[in-house]
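Colleague: Residues 105 to 829 in my numbering are what the sequence shown lists, from first letter to last. Positions of the beta carbon are idealized from the N, C-alpha and C atoms, including for glycine. Here it is, the structure in full.
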Amino acid sequence: MSDTPPGTTGSHPFTVRDGRDSRDGRDSSSRSDGDRPNLLIGDLVDNLKRHRFAAIASFVIVAAFVLGMSLITSPLYEAKATLSLERTRQAVELNPRLQSENYSAGNYEFDFLNTQRDIMLSRGVLESAVKGSGLMQSPDYQSSQDPVRLLRQRLRVATNRDTWVLTIALQDKDSQRAEAGLQAVIDAFLAVQAKRKVDRGQDAIDFLESEIGEAKKKLAVAQTEQQQFQSEKGIFNTDPDKSYPAQRLTALNSKRVILGEQLGALEALVKQIRDSDAKPDATKRLESLLKVEFINRHPMVSEQHKLYYELLAQESLLSQKYLEKHPRMIEIHQQQATKRTQLDQVVEMVKNSILADYDKIQAQLPTLAERVKKEETELTTYRDNVLKLQSLSDQTRVQQQMYEQLLKRIGEERVSKRLDAQYLSLVDAPAAGTDAVNINPTMALVMALLLASITAIAVPNAIEMIDRRVRGPDDVREVLEREVLSTIPYVPYMPALSLANDAESEPELAESYRTLRAALRLMLRDRIGCQRIMVTSYNEGDGKSTVASRLAVSLAMSGVRVLVIDADLRSPSLREEFGQECPRGLSSLLAGESDMVPMPTRFPNLDLMDAGDLTSNPGELLNSHCLPEWLDHCSHSYDFILIDTPPLKAVADGLIVGSYVDSILVVARDGETKRSDLHTLRKELDPLAKKILGAVVISKTDPLKLYGAYRSQQSHDAMTDISHG
């Protein structure tokens, strides 16, 4: 049977994680809290199962509290009424919060609507309502130190800006008292409005006249500032691109482009001219200048050049008739020299004109660039002035709109004063419903269940956050910085190997030890010879002795020779596990007794060296030279030597034994071992860090979750493995 358990591919301890091979059992770096995986639904379910009593208690308490609060809450009945406001001829309300800028922003009508709400909620109106109604007969109002404040708390006024309707609602424990109280509030509000109605019209007109005067002054100031600014800055066109600076800048840029083109054409000519002038010989210099196309095609140069060539032709004809010293030949030579001089002068004149034009253009460009820069500055200033003018124009327009709105408003007020119209009307009289508005049994039940469920989920997870014990292989891997070689399911009341008829009577347990066996072989496959492995833990009761004994049995069943040693000389336990009592054991061997050999067990290929009698100096015995010498001797007879040591928290015996072994296995219990304990263990084993192969986790998780997919095959696999062993 293969040592690799079926179905372990997805969770194999040597899978590549994040692109790194973790075969050596160590991540490249310890993971921070931010790198930990997110909480999954399965984790939530596991937390609920672990802390189910806390979840149930919190669920019951919260549900009972919410339902109890709903039961003891006094029912409140709500009476509602509706008032309509006339929008066409209402008077101006002198609301202190109303500022002049609200006119320009279009908020005046909305402020008027809000003013009516503020008046209804004012202390004067509510005091009149309390005195003129039966509200004081209610125990709530009688016991309240401020009945007006209580009435304001129970009174709600909602405004609708689209329909200009005031919806008023009053809550009370008695529906009839709610209707009467709401009617008293409306009557008090209408009485206050009627009292203010007498002086309101004239006050509104006076107020608007003063506002109109101020608005007119502001408008005149804004218009004057705009005109003065436009005149001072010389702004005749609000489009900067069509202004005089823009036009001048366009013309200058065009001129600069033309000069640039001319300069580019002249630069080639000037270069040819200067190359020709550099020649020392006058004849070659003239010939080179005549090769310049612009000079050669000049009318004067062409004319002189033509005449010069004609003289050369005459010389050729005369040379056929006369000798060089003939008067006729001397005359023609003189004419040629004169014409050559004239040609030189004409070429020089044309050349100088080209150079003069070149120098002139070069001299014009800096001046032109300065003019362009100046015009650009003027155009930028012009643009800024246009923006400032637009801002002044906007201010003038706002002041104009404000002034016109005030004129329109004062006209409406004068008409309203003459009409003396009633702008408030009762649309719906106060009426109370038959059902309480603050109690909804269905909603209370839903809220109770919802809040209780949330609390029941939150409490176990809060406990998990506070609890510092390791939860699952990931926590052990993170703290120990080594891979988890196998997860051993916790089996309550598991019998010792000496009492069990079959070492693999628990299929899930046997499968987990086969996983551990396969992991060990993978980790140690490159090593030769006997492998001495120490099994240790930090706390007593973590299960290291059980892991050591059952791992030894699993290895022995695979056909290798195994020796398991109980090196816990203070509290040995392997004798109970295997059911073999041996008064002379490791302690006797280390004390110097000879002829000490391991005892065979009832499991094939497995021998046991018991701790022997308890001694008073176990540390000194383990630190003697006998133990490493005896281990070297046994290494020739066994393939694996497993050593069970005391917990590191109690004594340092494990550190002594660890110096004699090849590898170390750390055992931790899921939900029992603290993270701080693993940190301490890792620190204590730091000198032996390279020997730590990994960890074995004793998990409380249901074994069916670990190996449910293979449960139907486990019994058959176990029997096959035993027969092969």
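Using only the alpha-carbon positions, how far apart do Gly111 and Arg674 sit?
Modeller: Taking the first residue of the sequence shown as position 1, residue 111 is located at position 7. Taking the first residue of the sequence shown as position 1, residue 674 is located at position 570. The predicted model places Gly111 with a pLDDT of 35, which falls under 50 and marks its position as unreliable; any figure quoted below should be read in that light. Computed Cα separation, rounded: 40 Å.
Colleague: For Ala525, which of helix, strand or coil comes out of DSSP?
Modeller: Here residue 525 corresponds to residue number 421 of the sequence shown, with the count starting at 1. Note that Ala525 scores 47 on pLDDT, short of 50, meaning its location in the model is unreliable; the coordinates nonetheless yield the value given after this. Correct three-state label for Ala525: coil.
Colleague: So for Thr749, helix, strand or coil by DSSP?
Modeller: Locating residue 749 in the sequence shown gives position 645, where the first residue counts as 1. Thr749 falls in the coil class under three-state DSSP.
Colleague: Given this structure, state the Cα-to-Cα distance separating Ser816 from Arg629, to the nearest angstrom.
Modeller: Taking the sequence shown and counting its residues from 1, one reaches residue 816 at position 712. Taking the sequence shown and counting its residues from 1, one reaches residue 629 at position 525. Residue confidence for Ser816 is low, a pLDDT of 38 falling below 50, so the modelled location carries little weight; the figure read from the coordinates is stated next. Cα to Cα, the separation comes out at about 31 Å.
Colleague: Could you check what DSSP says for Asp630 in three-state terms: helix, strand or coil?
Modeller: Here residue 630 refers to the residue found at position 526 when the sequence shown is read from its first residue. Note: Asp630 maps to coil in three-state DSSP.
Colleague: Quick check on DSSP: helix, strand or coil for Tyr181?
Modeller: Residue mapping note: residue 181 aligns to position 77 of the sequence shown, counting from 1. Strand.
Colleague: I need the straight-line Cα distance from Asp137 to Leu746, nearest angstrom please.
Modeller: Translated into the one-based positions of the sequence shown, residue 137 becomes position 33. Translated into the one-based positions of the sequence shown, residue 746 becomes position 642. A caution first: Asp137 carries a pLDDT of 42, below 50, which makes its placement in the model too unreliable to give a value.
Colleague: What distance in whole Å lies between the Cβ atoms of Ile543 and Ser174, which are believed to be in contact at a cut-off of 8 Å?
Modeller: As a first step, residue 174 is located in the sequence shown; it is residue number 70 there, counting from the start. As a first step, residue 543 is located in the sequence shown; it is residue number 439 there, counting from the start. That belief holds up - the Cβ atoms of Ser174 and Ile543 are roughly 6 Å apart, short of 8 Å.
Colleague: What's the call for Gln376, buried or exposed, on a 16-neighbour Cβ count within 10 Å?
Modeller: For this step, residue 376 is matched to residue 272 along the sequence shown. Classification for Gln376: buried.
Colleague: Using only the heavy atoms of the ligand ZN, determine whether one of them is closer than 7 Å to the beta carbon of Lys299.
Modeller: In the structure shown, the ligand ZN is absent, as is every other ligand, since no ligand is present at all.
Colleague: Using C-beta distances below 6 Å, list every residue in its chain close to Leu171, excluding the 5 sequence neighbours before and after it, in chain order.
Modeller: Residue 171 sits at position 67 when you count from the first residue of the sequence shown. For Leu171, where only same-chain residues beyond five positions count, the Cβ hits under 6 Å are Ala552.
Colleague: So Val580 and Leu180 are in contact, right, with Cβ under 8 Å, and what is the actual spacing, rounded?
Modeller: The residue labelled residue 580 in the question sits at position 476 within the sequence shown. The residue labelled residue 180 in the question sits at position 76 within the sequence shown. Their Cβ separation, rounded to whole angstroms, is 58 Å, which puts Val580 and Leu180 out of contact at 8 Å.
Colleague: Do the region 427-443 and the region 337-354 meet, that is, are 3 or more Cβ pairs less than 8 Å apart?
Modeller: Touching, no.
Colleague: Is DSSP giving Ile339 helix, strand or coil here?
Modeller: Taking the sequence shown and counting its residues from 1, the one referred to as residue 339 is at position 235. Ile339 falls in the coil class under three-state DSSP.
Colleague: Would you mind stating whether Val595 and Glu610 have Cβ atoms separated by less than 8 Å?
Modeller: Translated into the one-based positions of the sequence shown, residue 595 becomes position 491. Translated into the one-based positions of the sequence shown, residue 610 becomes position 506. The answer is yes: Cβ separation under 8 Å.
Colleague: Tell me whether the beta-carbon of Asn565 lies closer than 8 Å to the beta-carbon of Asp781.
Modeller: In the sequence shown, residue 565 corresponds to position 461, counting from 1. In the sequence shown, residue 781 corresponds to position 677, counting from 1. Not in contact: Asn565 and Asp781 (Cβ atoms no closer than 8 Å).
Colleague: In angstroms with no decimal places, state the Cα-to-Cα distance between Asp670 and Pro704.
Modeller: Taking the sequence shown and counting its residues from 1, the one referred to as residue 670 is at position 566. Taking the sequence shown and counting its residues from 1, the one referred to as residue 704 is at position 600. C-alpha separation (whole angstroms): 14 Å.
Colleague: Hey, how far is the Cα of Ala185 from the Cα of Phe157?
Modeller: Position 81 of the sequence shown, counted from the first residue, corresponds to residue 185. Position 53 of the sequence shown, counted from the first residue, corresponds to residue 157. Roughly 52 Å between the two C-alpha positions.
Colleague: Who are the near neighbours of Val583 in its chain, counting only those whose CB is closer than 8 Å to its CB and skipping five residues on each side?
Modeller: For the purposes of this step, residue 583 is taken as the residue at position 479 of the sequence shown. Counting only Cβ-Cβ distances below 8 Å, and skipping sequence neighbours, we find Val574, Arg779, Leu782, His783 and Arg786.
Colleague: Looking only at its chain, what residues have a beta carbon closer than 7 Å to the beta carbon of Leu725, apart from the 5 residues adjacent to it on each side?
Modeller: The sequence position of residue 725 within the sequence shown is 621, counting from 1. Counting only Cβ-Cβ distances below 7 Å, and skipping sequence neighbours, we find Leu673, Ser691, Leu694, Ala695 and Thr719.
Colleague: Does DSSP classify Asn721 as helix, strand or coil?
Modeller: Here the question's residue 721 lines up with position 617 in the sequence shown. DSSP places Asn721 in coil when its eight states are reduced to three.
Colleague: If you run the structure through DSSP and keep just helix, strand and coil, what is Lys287?
Modeller: Numbered from 1 along the sequence shown, position 183 holds the residue referred to as residue 287. A quick correction: the sequence has Gln, not Lys, at residue 287. Of the three classes helix, strand and coil, the one that applies to Gln287 here is helix, per DSSP.
Colleague: Assign Arg573 to one of three DSSP states: helix, strand, or coil.
Modeller: Within the sequence shown, numbered from 1, the residue matching residue 573 stands at position 469. Arg573: strand per DSSP, three-state reduction.
Colleague: So, with DSSP's three-state summary, where would you put Gly238?
Modeller: By one-based count along the sequence shown, residue 238 stands at place 134. Correct three-state label for Gly238: coil.
Colleague: For Lys794, does the count of other Cβ atoms within 10 angstroms reach 16, so buried, or fall short, so exposed?
Modeller: Locating residue 794 in the sequence shown gives position 690, counting from the first residue. Label assigned to Lys794: exposed.
Colleague: How close, in whole Å, do the beta carbons of Gly798 and Arg586 come, if the pair is a contact with beta carbons under 8 Å?
Modeller: Along the sequence shown, read from residue 1 onward, the residue named residue 798 stands at position 694. Along the sequence shown, read from residue 1 onward, the residue named residue 586 stands at position 482. Yes, they are in contact, since the Cβ atoms of Gly798 and Arg586 sit about 5 Å apart, within 8 Å.
Colleague: According to the Cβ coordinates, are Leu472 and Leu370 closer than 8 Å?
Modeller: Taking the first residue of the sequence shown as 1, we reach residue 472 at position 368. Taking the first residue of the sequence shown as 1, we reach residue 370 at position 266. Their beta carbons are not under 8 Å apart, which means Leu472 does not touch Leu370 by this criterion.
Colleague: Excluding the 5 residues flanking Thr387 on each side, which residues of the same chain have their C-beta closer than 8 Å to its C-beta?
Modeller: For the purposes of this step, residue 387 is identified with residue 283 of the sequence shown, where counting begins at 1. Nothing listed; no residue qualifies.
Colleague: Express the C-alpha separation of Glu776 and Val563 in angstroms, rounding to a whole number.
Modeller: One-based indexing of the sequence shown puts residue 563 at position 459. One-based indexing of the sequence shown puts residue 776 at position 672. Approximately 20 Å, taken between the alpha carbons.
Colleague: According to DSSP, which residues form a beta bridge with Ser279?
Modeller: Position 175 of the sequence shown, counted from the start, is the residue given in the question as residue 279. In the DSSP output, where bridge partners are listed per residue, Ser279 has none listed.
Colleague: Looking at the secondary structure, which residues open and close the beta strand (DSSP E) in which Ser662 lies?
Modeller: Position 558 of the sequence shown, counted from the start, is the residue given in the question as residue 662. Ser662 -> no beta strand (DSSP E), and no H or E assigned at all.
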